[in-house]
Amino acid sequence: MKSFTTTHSSDPMSAPQSVDNGKQPQNKLQQHHKLSTNIEDSPLQVQGLTVTYQHQPVVQQVSFSLAEGRLIGLLGPNGAGKSTLLKAILGLIPSLSGQVKVFGKPYESQRRRIGYVPQRESVDWDFPTDALDVVLMGTYGRLGLFRRPGKNERQTALHCLDQVGMADYAGRQISQLSGGQQQRVFLARALAQQADLYLMDEPFAGVDALTEKAIITLLEQMKQQGKTVLVVHHDLSTVQAYFDDVLLLNRQLIAGGAVEHTFTPELLQQTYGGKMAFLQGNDQQGILLAGK
Amino acid sequence: MDALWMIWTDPNMRWIVAGCMLLGLSSGLIGSYMLLQKRSLIGDALAHAALPGICIAFMLTGVKSTVGFLLGALIAGAIATFGIRWIAAHSRIKQDAAMGIVLSLFFGIGVMLLTRIQHSGDGGQSGLDKFLFGQAASMMREDVYMLAGISSLLLLLCLLLYKPFKLISFDAGFARGLGWPVARLEQLMLLLTVLVVVAGIQAVGVVLMSALLITPAVAARYWTDKLSVMLLLAGIFGACSGFSGTFWSSMVTGLPTGPVTVLSATIVFAVSALLAPQRGWVGKSLRQRRARQQWQQGGTAHE
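Each protein sequence line maps, in turn, to chains A and B. For the record, in the first sequence the residue sitting at position 96 is 96 according to UniProt numbering, with numbers rising by one throughout. For the record, in the second sequence the residue sitting at position 279 is 279 according to UniProt numbering, with numbers rising by one throughout.
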């Protein structure tokens, strides 16, 4: 927990954009951002990242660094800029300012150490190809532009499919897979990248309970292997069970840190604004409901 | 049979048929990628945009030179694609609407220039109007050479860059994450499309060129779930359409090649849509019927 750092821009020029942000808990924020550590070899260090879309700031002055070998949930309401942040980190969309370092080095030199799972809806699943072929795409980074995947790559891809429980579907046309199976194929593709840091955009979206369980088991395994996984997540009821750390985002980074200190009613209230109701349940943990 | 023999023996016809088949092959190939990238209409926009480019090239040089036309069409195509992107990026107008605006604007200018050239009484202008609907018979040997050159280049690049082209067509974001030069590769694909379009305008015409890009690709998709097979089939379907287009237009005097080629491609498409085993209409309804019967039998067996 001590190795988790977040810093918050206190630049007086940048007034808070979101109306949902409360005014008074400013000191609470400060408290949370004082977790300091050695950030030199952090798997992912983001400094002052700002993204604008048609002159509107979508992500503003976000700074944090992740600790190695942890599962981190990136939380926030719809439109908070979670996907945008992920894409900006990966350089898929241009950012106005900011710096991204991966394992202490500039992002560009470390691409092969990063695995990416985009949202399932971001591609057309009617594309003429099969599950194994999609997973093979995970090996393309090592192969470069021209080399064709060979026997080794196919073996890797099959193994990755097996890891997500999809070995029997290798030759299946991808449009004939269910949503959960498609999600698992995407995860297998990321596994085939053999990366150290993984960024996943809502891997739990629209999957059934069984798939969700399979995915979280896989994420746990990846963590055991020392991999760091940043996951955009929506379901607040599972945060405490799934993640070690959380980042709370609503255009700006509201807070970041270990679940037990950061996943608190006050900070969630601040992140989700009035859209959030907190109910104290029978158990100590409480039940969280996020809605409109 | 006599007609086929005539094509085989007439050296001029042989060239033209070969040219049209190469054109069909190339457009089927690159058209498949355009289709999978949901950019089917780009070919249409590029073909329409090529017309003013060709006219201006003719007005500047005063001669019908293939190289001049190619340059003119390339420049016009580049301006058009830039215009489409600029409008889509700097306004609330979506890309399809931007394409519609640019396409019709360029075509309008093209027709205007064409009319002006035809009224100028310049001796060299005869045959320029063939660019609208295409006349394969007006192709000369150097046109066929150019087509052969473009087709070989396209085939080579599609073989060499099969993997990146595939990944970009399926998931461009992932390719960008790998650090691949996605924008460059996309531009290369667009450039290849422009080349094919320009090369094809003389044979098929501005108005119908896009059909030769899209229709063989759509037809090929019906038969397979593998990209490599789809590319191969689209190339074959395109080549067959090119052959049949030149064949029929040479049989009937005054029949323009473009419409006949497109009709041929459409027949291939219709047959595919009906008869393809997995995705075809007949196969699907048969399977549905069988499933229903089985269910009904199963239902009665329970009783």
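Virtual Cβ for every residue (Gly too), placed ideally from N, Cα, C.
Look at the Cβ atom of residue i, then the Cβ atom of residue j, and state whether they are nearer than 8 Å.
i                      : j         : result
B:Leu-190              : B:Pro-164 : no
B:Ala-18               : B:Val-144 : yes
B:Ala-239              : B:Met-230 : no
B:Leu-160              : A:Phe-146 : yes
A:Leu-136              : A:Ala-167 : no
B:Ala-97               : B:Ser-210 : no
B:Gly-77               : B:Ala-50  : yes
A:Asp-244              : A:Ala-258 : yes
A:Val-207              : A:Leu-71  : no
A:Leu-197              : A:Arg-251 : no
A:Phe-118              : B:Phe-107 : As written in the sequence, residue 118 of chain A is Pro, which differs from the Phe given in the question. No, Cβ-Cβ distance for A:Pro-118 and B:Phe-107 is not below 8 Å.
B:Ala-234              : B:Ser-91  : no
B:Met-99               : B:Ala-57  : no
B:Val-268              : B:Leu-275 : no
residue 309 of chain B : B:Met-34  : As displayed, chain B neither begins before 1 nor continues past 303, which places residue 309 of chain B out of reach and without an answer.
B:Thr-246              : B:Ala-136 : yes
A:Leu-132              : A:Ala-192 : no
B:Leu-213              : B:Phe-133 : no
A:Val-246              : A:Thr-262 : yes
A:Tyr-116              : A:Leu-90  : yes
B:Leu-195              : B:Ile-150 : yes
B:Met-140              : B:Ala-203 : no
B:Pro-256              : B:Ser-249 : yes
Would you verify that the beta carbon of residue i is, or is not, closer than 8 Å to some beta carbon of chain B?
i         : result
A:Met-200 : no
A:Val-123 : yes
A:Pro-128 : yes
A:Met-166 : no
A:Phe-263 : no
A:Glu-108 : yes
A:Gln-203 : Sequence check: residue 203 of chain A is Pro here, not Gln. Chain B contact via Cβ: absent.
A:Phe-243 : no
A:Met-222 : no
A:Leu-92  : yes
A:Phe-146 : yes
A:Arg-111 : yes
A:Met-1   : Here A:Met-1 scores only 40 on pLDDT, less than 50, and its place in the model is too uncertain to base an answer on.
A:Tyr-169 : no
A:Pro-118 : yes
A:Gly-141 : yes
So, for residue i: in the same chain, excluding its five sequence neighbours on each side, which residues have a beta-carbon less than 8 Å away from its beta-carbon?
i         : result
A:Thr-50  : Pro-57, Val-59, Gln-60, Gln-61, Val-62, Ser-95, Leu-96, Ser-97, Gly-98
A:Ala-214 : Val-164, Gly-165, Arg-184
A:Gln-224 : none
A:Gly-48  : Ser-9, Gln-61, Val-62, Ser-63, Ser-97, Gly-98, Gln-99
B:Glu-142 : Thr-66
B:Thr-61  : Gly-68
Output needed for residue i: all residues of its chain with C-beta closer than 6 Å, excluding positions within five of it in sequence on either side, in chain order.
i         : result
B:Gln-37  : Ser-169
B:Val-198 : Ala-50, Leu-70, Ala-73
B:Gly-24  : Gly-238, Ala-239, Ser-241, Gly-242
A:Asn-152 : none
B:Leu-192 : Ile-30, Leu-154
Residue i CB to nearest chain A CB: under 8 Å?
i                      : result
residue 304 of chain B : The structure shown does not extend to residue 304 of chain B, since chain B is modelled only from 1 through 303, so no value can be given for it.
B:Lys-94               : no
B:Trp-295              : no
B:Lys-64               : no
B:Arg-279              : no
B:Lys-284              : no
residue 324 of chain B : Residue 324 of chain B lies beyond the residue range present for chain B, which begins at 1 and ends at 303; the question has no answer from this structure.
B:Phe-133              : no
B:Met-230              : yes
B:Arg-290              : no
Taking 7 Å as the limit between beta carbons, can you name the residues of its chain near residue i, skipping five residues before and five after?
i         : result
B:Gly-83  : Val-102
B:Trp-180 : Pro-164
B:Ala-148 : Leu-22
A:Pro-43  : Leu-66, Glu-68, Val-102, Phe-103, Asp-196, Leu-197, Thr-228
A:Gln-181 : Met-166, Tyr-169
B:Leu-227 : Lys-166
Could you check how far apart the C-beta atoms of residue i and residue j are, in whole angstroms? I think they sit under 8 Å.
i         : j         : result
B:Val-63  : B:Phe-131 : Rounded, the Cβ-Cβ distance is 15 Å, inconsistent with contact.
A:Thr-129 : A:Ile-174 : 6 Å
A:Val-232 : A:Lys-82  : 5 Å
A:Gly-76  : A:Leu-236 : Contact doesn't hold; Cβ gap of about 11 Å is too wide.
Taking only beta-carbon atoms, is residue i less than 8 Å away from chain E?
i         : result
A:Gly-273 : Of the chains in the structure shown, none is chain E; the protein chains are A and B.
Minimum length 3: unbroken beta strand (DSSP E) runs contained in the region 96-143 of chain A: 97-102, 114-117
Length at least 3, wholly inside the region 113-179 of chain B: the beta strand (DSSP E) runs in chain order: none
Quick check for students: name the residue ranges of the alpha helix (DSSP H) that lie wholly in the region 178-240 of chain B, counting only runs of 4 or more. 182-204, 209-223
At which residue ranges does the region 190-268 of chain A contain complete alpha helix (DSSP H) runs of 4 or more residues, listed in the order of the chain? 209-224, 239-242, 259-262
Could you name each continuous alpha helix (DSSP H) segment of 4 residues or more that falls completely within the region 10-55 of chain B, going from the start of the chain to the end? Here the runs fully enclosed are 11-36.
Write down every uninterrupted run of the beta strand (DSSP E) in the region 30-90 of chain A whose length is 3 residues or greater and which is fully enclosed by it, in chain order. 45-53, 56-65, 71-75
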